[in-house]
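Chains as they are written, first to last, in numbering that gives the first Met the number 0: chain A, 0 to 465; chain B, 0 to 264; chain C, 0 to 391; chain D, 0 to 262.
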Amino acid sequence: MRPEIREYNYDWMMAGTLNAAGALANGTKKETEMTWRYIPYFSGVARAFINAGPPGIAFLELGARYYQNILNAHRDGKKIAATTFCNTPSILYAMGVVPATFEVLTAIGALVWKRGMFDYMDYCCETGMPETSCSSQRGALGAVLAGLSEKIDFIVCDTPGVCDTNANAFAFASAYMDKPFYQLNYPSVLGDERSQKYHIDDYKEMIRFIEEQSGKKLDYDQLGTVLAEVDKQDALTADMEDMLMLTPTPVPPIYTIMIYAGRFCFSGHPEYTRLLEIMVDTTRKRAAAGVPGLSAGEEKLRVVMCYIDHYTVDMNFYHYFEERGIAHTGSILTRNFRDGNKYVADLPGTSYSIDTSSPDAMLDSIAQMNARMPMVRSIRGPYDKQGMWLEETLACAKLYQADCIIYNGTPGCRNTWGMLKPFARDLEKHGYPVHIMNDDGFDDRVESWDATRERLDEFFNVRGLL
Amino acid sequence: MPFVAGCDVGSLTSKAVIMKNGKIVADAIIKSRARPGDSAEEVMGEVLGRANLTQKDMVYCIGTGYGRDKISFVDESVSEISCHGKGARWLLPSVETVIDIGGQDCKTMKIDADGNVGRFAANDKCASGTGRFLEVMARVLHVGMDELGKLTARSRSPITLASTCTVWAQADVIKYINSGVPIEDIGAGINTAMAARVAILVNAVKPSGDILMTGGVAKNIGVVSTLEKLLGMKIKKARKADPQMAGAIGAALLAAHKADTGERR
Amino acid sequence: MDVFYEAATRVDCRPIMEWKNSGRPVVGYTCSYTPAEIFYAAGILPVRLRGIETDGMEVGDTYFGPFICSFPKCILQLAGKGKFSFLDGAIITPGCDGMRRLDECWRKAGEDYEGIVPDYFYYFDVPHKSENHGMDWYLEELRLLVKSIEDHFHVEITDEKLLNAIAVFNKGRRLLRELEDLRSKDDVVVSGTDAFAAAVAGTVMPREEYTRYLEGWLSDLKERKASFSDGKKRIMVVGSVSDEIDLFELIEARKTAVVVAENLCFGIRYEGNEIPETGDPMASLAAHYLGGSVCPRMFGKYKERLQMLKERILRSGADGLIMQNIRFCDLHGAENALFERDLEALGIPCLRVEREYGPHIDAGRMRLRIGAFLERLSVAGKPAGGVQRRTA
Amino acid sequence: MIVAGCDIGSLTAKAVIMENLNILSTAVARAGTRPADSAANVMEKALKRAGLRMNDISHIVGTGYGREQIPFVSSVASEISCHAKGAWHVMPSVRMVIDIGGQDAKATRLDADGNVARYIYNDKCASGTGRFLEVMAEALEIPLEEMGGVGARSTEKLSISNQCVIFAETEVVSLVNEGKETADIINALHHALAKRVSALARSIEVEQDVVMTGGVAKNSGVFGALSQALGIGMKALNGVDPQIVGAMGAALFAAENAGKENP
Ligand SMILES: Nc1ncnc2c1ncn2[C@@H]1O[C@H](COP(=O)(O)OP(=O)(O)O)[C@@H](O)[C@H]1O
Ligand SMILES: Nc1ncnc2c1ncn2[C@@H]1O[C@H](COP(=O)(O)OP(=O)(O)O)[C@@H](O)[C@H]1O
Ligand code: SF4
Ligand code: SF4
Ligand code: SF4
């Protein structure tokens with residue numbers, strides 16, 4: 000790691016940058032000019048969010064708050080738990096613990112910094128994490144291992160049984176720094192009684208672990224409040240989803256990332272509800288006024304991302320969709336699999352519902368919700384089994400009227416790359432052109448954006464889509 | 000006093016050194032041939048010629064390098080990791096950490112006061128951490144090996160390159176050339192990709208004390224200077240001899256030790 | 000010994016084919032979390048699946064993506080080439096992500112290559128934790144497995160048969176333990192290559208035949224005077240799944256080292272822990288196979304594994320550890336790094352290498368790394384301040 | 000109407016001039032560092048052979064790596080489309096085109112109308128590409144053109160397992176050290192490459208007829224080994240140099256475009 004990078008506290012740096020960007024919208028012209036100079040590498044991204052209107056600004060503020068919470072945690076007498084994006088932070092909020100979600104931190108870093116998270120990723124390898132491991136954890140983990148972030152107190156991870164490389168990153172962090180560790184573990188099936196019970200047993204034990212680590216008992220009133228908030232958020236997200244279904248969609252591509260990034264950072268937190276409200280409101284207005292979601296004006300094509308998006312400098316990926324008139328109808332991360340959502344109709348038994356009537360009902364609800372977070376829901380079992388990746392992708396492609404399906408991930412993702420070729424083949428058999436992006440969503444050294452873009456262009460042209 | 004020899008048959012170059020009383024009598028370096036046996040004969044012939052000696056004058060001879068098991072005239076063969084450790088110590092007595100980058104391998108090691116190797120790490124991943132990577136890239140850029148190293152200093156904004164694959168990086172490089180990116184920025188990007196890969200390996204052994212680079216890539220000033228930046232440490236210069244010769248020198252020193260302890264043939 | 004070498008180096012070795020030709024079923028499994036006793040109790044030969052003898056990866060690469068460890072790819076390659084045609088069944092376990100995707104890849108390959116998917120193809124869902132509900136889940140999985148074997152093969156697996164199977168397997172465990180003890184002595188009478196071949200053979204041979212041979216061989220060994228360890232460095236091999244005899248040969252080729260122990264899932268790793276031969280056999284099997292927790296797929300148990308490794312180093316008197324991981328095996332790759340950090344701090348020299356699996360290994364590169372490591376050990380002498388060996 | 004296609008690859012530049020779907024002339028030249036120069040050079044060659052001048056050509060389509068840098072083209076098309084187009088034009092029964100060039104390998108499936116149904120590139124490694132053979136030819140000190148012939152004389156079966164070009168090179172060097180025959184090593188290389196490419200083709204399902212295009216198709220050793228690996232006898236594109244198929248496809252697109260412009 001470059002010595003100059005060692006000089007800055009990572010969280011502080013990020014909080015500062017995001018704060019500055021968020022404040023831009025209200026600043027005077029002169030202040031704005033100053034700030035652009037202060038955050039030169041971030042300007043592309045920040046402009047993208049600011050141009051997205053009130054939701055974008057709210058999102059930047061939310062991001063800043065996220066880092067700020069981490070920075071202030073210990074001062075405020077709170078513990079920090081390192082965790083994964085597919086472990087809902089709502090339980091941590093209910094228990095007064097501050098989440099530090101590696102994948103989110105890496106993605107934001109990759110967007111914000113000119114050099115991406117390269118230095119941190121590489122530092123992680125220096126400590127012994129394999130270079131072949133998933134970059135989404137490696138970035139933030141590198142900063143943590145290098146001691147450049149606020150110290151974390153314990154680790155809760157929920158990918159064992161679903162994604163080795165992810166789970167392994169957290170297990171490594173725990174062993175390397177000697178921090179307490181709890182793993183939620185998922186069976187390869189979903190929806191049957193046995194696995195439902197397993198989810199709950201496992202979740203209860205996790206709560207015991209968090210209680211022990213934080214020194215605070217779970218307060219069910221608090222949990223009830225948080226779940227009620229999640230309930231609202233789910234309904235708002237469902238509204239967004241409905242609007243994504245419209246052709247042409249009034250939802251700009253960049254909104255999809257805000258939906259899930261918000262959820263991964265602030266599920267159950269009123270701040271996220273506010274963000275969603277602003278988004279729904281803005282989108283409704285757009286729809287009413289006939290303003291298309293795409294800056295290109297015309298919607299030429301609709302895409303379902305069957306996995307994650309591409310997060311590198313300057314939001315290139317989202318701009319690309321905007322400019323070419325391609326509607327982004329969400330990725331595996333966008334959806335929440337709440338009962339009653341349209342896309343779960345074709346996926347019986349694989350959704351959850353929220354019931355706050357009793358402490359037990361609340362626990363069951365949150366455990367089942369957690370077991371249906373992105374990825375841990377759909378890539379836990381063989382892809383062609385009931386409710387898993389193939390059925391889910393097809394259900395979404397149908398409902399969102401996708402013209403084609405695109406995969407993007409990271410080379411570290413053994414789990415999806417292990418089945419991707421047959422999976423793509425099956426999707427093609429169902430009549431969907433499939434493009435497999437060969438890059439790393441978090442590390443554009445693996446494939447430059449130019450090369451990635453060329454391949455995308457080629458796909459759309461050769462397959463006669465654009 | 001006895002003459003001893005070290006012969007380092009690498010994948011790209013073959014080196015031979017004749018030493019006496021801890022001093023170099025003669026050295027030679029040639030481009031490796033397809034068969035290591037041939038390379039060894041040739042480079043040894045060359046160095047013997049320069050010193051005006053014959054193979055019989057060598058009391059003990061140690062072979063090292065990629066082709067070490069194919070050299071007919073040596074008494075023994077030792078891995079290049081151990082030889083580079085010894086050689087580095089001779090080149091710079093204060094050295095504790097050695098980085099050796101040759102044609103097809105990159106190794107970093109800690110050495111003790113006698114030049115014995117302790118912890119070491121080697122690049123097992125991709126060809127991009129090797130000298131061969133630089134050669135391929137230099138060819139694409141139509142510059143010489145020397146010149147490639149000098150590009151870093153001239154560059155203002157180096158490109159970022161996939162450091163994971165030589166051949167794919169080559170594709171990116173061609174793309175950058177095509178789109179008119181200045182050659183120094185491309186070259187600097189190449190050196191940086193290489194240095195980044197090496198830095199990971201260096202830090203894996205926890206560098207301490209004086210650091211020395213051996214092997215041919217030590218001559219690439221772009222890689223060296225970027226590596227210094229990444230590590231935040233200075234890399235010492237070897238003045239006594241060409242760092243590319245370190246393996247052969249180490250082999251000769253080990254040979255001298257064998258000769259001293261009476262293990263002559 | 001020849002029997003062991005044959006079994007360890009040939010996919011369709013004689014013992015398997017003899018069993019098969021006598022009309023009895025053979026079932027393959029992929030990972031050591033599958034209790035072989037259950038198959039034995041059902042009159043089925045359990046055979047650990049391997050990837051040796053592949054000379055290309057065209058089938059493996061057709062279905063698996065590029066970033067997958069070469070071990071499951073090699074298994075698929077062999078399957079695609081019809082080398083597993085002797086299998087009546089296969090058990091896929093989510094040992095690691097590459098391994099569990101063998102389920103889809105093998106089935107999909109079956110759409111293209113006729114007859115390569117055994118009639119009985121079963122996904123055995125092993126949890127990643129052995130506490131409470133994890134153990135319950137595993138136990139239930141065992142019951143489901145038993146039930147499905149009974150249904151498919153028309154057999155009955157009684158507790159009595161299971162207890163008997165456990166006893167038979169325990170005998171092998173005791174013998175392997177004896178072998179371990181022999182290797183731990185100051186004078187080692189057996190090369191690591193031979194010992195490993197014997198261990199690997201145990202994962203494919205019919206158990207009774209195996210124990211018979213093992214017993215005979217051990218009694219020969221006990222008579223042996225010749226020492227393999229004279230002036231050599233004692234090595235322990237750990238890391239990724241390995242059944243590669245060549246790797247051990249490579250280490251011992253220069254005659255400066257002898258492999259005295261390994262911590263590999265094909266090697267002698269479960270020795271010592273015998274399974275109770277009375278009581279509830281299913282519960283005992285579950286406790287043994289899941290509770291054993293010796294592999295990094297059981298997340299969060301690093302300290303336990305480090306402790307176990309230290310004890311094994313102590314017992315075997317290893318001078319140094321060779322830690323290998325197959326490329327893209329994150330689990331062992333990361334754990335090796337931790338082991339290296341913690342063991343080097345104790346003065347135990349470690350070599351960490353990344354490699355391809357078996358037939359695809361780059362022997363030249365391995366040889367250099369191992370050679371240099373042995374040179375390091377020979378100057379270092381006994382590790383200063385390191386673990387002092389407990390005298391046997 | 001006279002049209003042309005110009006294919007600037009990583010290694011070679013190709014040009015084809017056509018009139019009424021008949022080839023007037025073709026040219027292949029080594030590509031330099033600047034695609035614009037390579038294009039001008041190869042185009043000049045083709046024009047000269049056809050006895051034409053640039054002004055005589057009504058439409059030119061560019062393709063290949065350097066397609067964006069060719070100054071004189073009217074439009075561009077991807078190599079995938081061009082190779083498919085060219086191959087289908089020569090042989091309408093073709094359902095799969097395997098194109099191995101210097102920098103990548105691609106398998107493309109076509110429907111009965113010659114439209115691209117699916118395609119796939121080589122995985123992140125270069126070991127299934129022409130570059131692999133180039134590097135090896137250099138290490139073995141033997142001209143590329145002779146590899147096919149030399150490999151055919153092989154008597155002993157060797158295998159080269161390393162997936163990486165650079166590492167495979169050292170594997171080759173060690174085979175040389177062991178005293179292995181060059182013919183056997185080359186044969187092993189052909190099979191190694193063929194196996195990698197066959198995995199590519201199979202993952203999108205192989206359908207007959209299969210043809211091979213791109214420079215590597217000229218290597219009879221690879222052609223044979225790939226047929227073997229696919230378990231399907233590939234068809235030869237009669238009378239057409241496989242290396243120019245991409246440029247020919249581009250010329251065919253040019254004819255279509257020109258047709259649209261001046262019906
Ligand atoms: N003059 C030079 N300037 C910069 N780099 C050089 C120079 N000469 C050689 N190199 C680099 O050194 C490498 C060869 O190193 P060497 O130690 O001779 O390898 P080996 O021992 O494997 O043959 C070449 O690949 C090249 O990258
Ligand atoms: N005459 C030949 N005989 C055998 N192989 C050849 C011949 N000419 C070219 N090749 C092979 O073809 C490759 C170049 O193919 P080509 O289609 O021209 O590539 P590109 O379009 O990328 O420039 C070379 O890498 C080489 O392996
Ligand atoms: S599935 Fe892949 S991208 Fe997702 S968390 Fe795991 S490794 Fe990362
Ligand atoms: S290393 Fe562990 S997960 Fe892998 S095959 Fe062995 S026992 Fe199974
Ligand atoms: S990615 Fe490139 S350099 Fe790396 S192994 Fe493959 S061909 Fe070699």
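Beta carbons: idealized from backbone N, C-alpha and C, even for Gly.
key: With 16 other Cβ atoms within 10 Å as the buried cut-off, status of C:Glu-261   = buried
task = Return the CA-CA distance between A:Pro-251 and A:Pro-291, expressed in angstroms with no decimal places.
result = 8 angstroms
query = Sorry if obvious, but does the Cβ on D:Ser-9 come closer than 8 angstroms to a heavy atom of ligand 2?
reply = Yes, the beta carbon of D:Ser-9 sits closer than 8 angstroms to at least one heavy atom of ligand 2.
key: Ranges of the beta strand (DSSP E) found wholly within the region 41 to 117 of chain A, counting only runs of at least 3   = 79 to 82, 97 to 100
task = Identify the contact partners of C:Gly-55 in chain D, using a Cβ-Cβ distance below 7 angstroms as the criterion.
result = Lys-194
message = Just to confirm, is the Cβ distance from A:Gly-289 to A:Leu-465 under 9 angstroms?
response = no
request  = Taking C:Leu-284 as the reference, give the member of C:Trp-105, C:Ser-84, C:Ile-43, C:Asn-163 with the closest Cα.
outcome  = C:Asn-163
message = Any C-beta of chain D within less than 9 angstroms: which residues of the region 33 to 66 of chain B qualify?
response = Ala-33, Arg-34, Pro-35, Gly-36, Tyr-65, Gly-66
query = Do you know whose CA, among A:Tyr-181, A:Ser-356, A:His-327, lies nearest A:Met-304's CA?
reply = A:His-327
message = Taking a contact to mean a Cβ-Cβ separation below 9 angstroms, would you say A:Gly-190 touches A:Thr-392 in this structure?
response = no
key: Candidates A:Ile-107, A:Gln-195, A:Arg-262, A:Asn-8, of which the one nearest A:Tyr-40 by Cα   = A:Ile-107
Extent of the continuous beta strand (DSSP E) to which D:Glu-18 belongs = 11 to 18
task = With C:Met-307 as the anchor, note down where its beta strand (DSSP E) starts and where it stops.
result = Note, C:Met-307: premise wrong, no beta strand (DSSP E); alpha helix (DSSP H) at 301 to 315.
message = Using the three-state DSSP reduction, which class does D:Lys-105 fall into: helix, strand or coil?
response = Assignment of D:Lys-105 by DSSP, reduced to helix, strand and coil, places it in the strand class.
task = Note down, in chain order, all residues in the region 349 to 364 of chain C with a beta-carbon under 7 angstroms from any beta-carbon belonging to chain D.
result = Pro-358, His-359, Asp-361, Gly-363
key: Near-chain A residues of the region 169 to 180 of chain C (beta-carbon distance less than 9 angstroms), N- to C-terminal order   = none
request  = Tell me, please, whether the CB atom of C:Gly-64 is closer than 9 angstroms to any CB atom in chain B?
outcome  = no
ask   = Where does C:Ala-344 land, buried or exposed, given buried means 16+ other C-beta within 10 angstroms?
value = Burial call: exposed.
First through last residue of the alpha helix (DSSP H) which encompasses C:Glu-214 = 206 to 222
message = If we define contact as Cβ-Cβ less than 9 angstroms, is C:Phe-372 a contact residue for chain B?
response = yes
inquiry  = So, does the region 95 to 114 of chain C touch the region 227 to 239 of chain D, judging by three or more C-beta pairs under 8 angstroms?
reply    = no
query = Cα separation between B:Leu-252 and B:Lys-22?
reply = 9 angstroms
task = Determine the extent of the alpha helix (DSSP H) in which A:Gln-469 is found, giving its start and end residues.
result = Residue coverage of chain A in this structure runs from 0 to 465, which leaves residue 469 of chain A outside it and unanswerable.
query = Hey, out of A:Phe-101, A:Ile-404, A:Leu-362, A:Thr-246, whose CA is closest to A:Arg-89's CA?
reply = Here the sequence assigns Ser to residue 89 of chain A, which means Arg is not the residue at that position. Minimum Cα distance to A:Ser-89 is reached at A:Leu-362.
Chain D contacts made by the region 150 to 177 of chain A, where a contact means CB separation under 7 angstroms = Those would be none; no residue qualifies.
inquiry  = If we define contact as Cβ-Cβ less than 9 angstroms, is C:Val-58 a contact residue for chain D?
reply    = Closer than 9 angstroms: yes.
ask   = Of the residues that make up the region 91 to 106 of chain C, which ones have a beta carbon closer than 7 angstroms to any beta carbon in chain A?
value = Pro-93, Cys-95, Asp-96, Gly-97, Arg-100, Asp-102, Glu-103, Cys-104
query = When you compare only the Cα positions, how much space is there between B:Pro-206 and B:Met-232?
reply = 9 angstroms
message = Which residues does DSSP list as the beta-bridge partners of B:Phe-2?
response = For B:Phe-2, the pairing in a beta bridge is given by DSSP as B:Met-57.
message = Quick check: what's the CA-CA separation for D:Leu-251 versus D:Val-2?
response = 8 angstroms
ask   = Checking contacts by CB at 9 angstroms: is C:Asp-219 closer than that to chain D?
value = no
task = Please list the partners that B:Ile-199 has in chain A, where partner means a Cβ-to-Cβ separation under 9 angstroms.
result = Asp-121, Tyr-122, Cys-124, Glu-125, Glu-130
query = A:Pro-54: buried (16+ other C-beta within 10 angstroms of its C-beta) or exposed?
reply = buried
request  = Return yes when at least one heavy atom of ligand 4 lies under 8 angstroms from the C-beta of C:Gly-94, else no.
outcome  = yes
request  = Please confirm if B:Val-341 has its CB atom under 9 angstroms from at least one CB of chain C.
outcome  = Any property of residue 341 of chain B remains undetermined from this structure, which presents chain B solely from 0 to 264.
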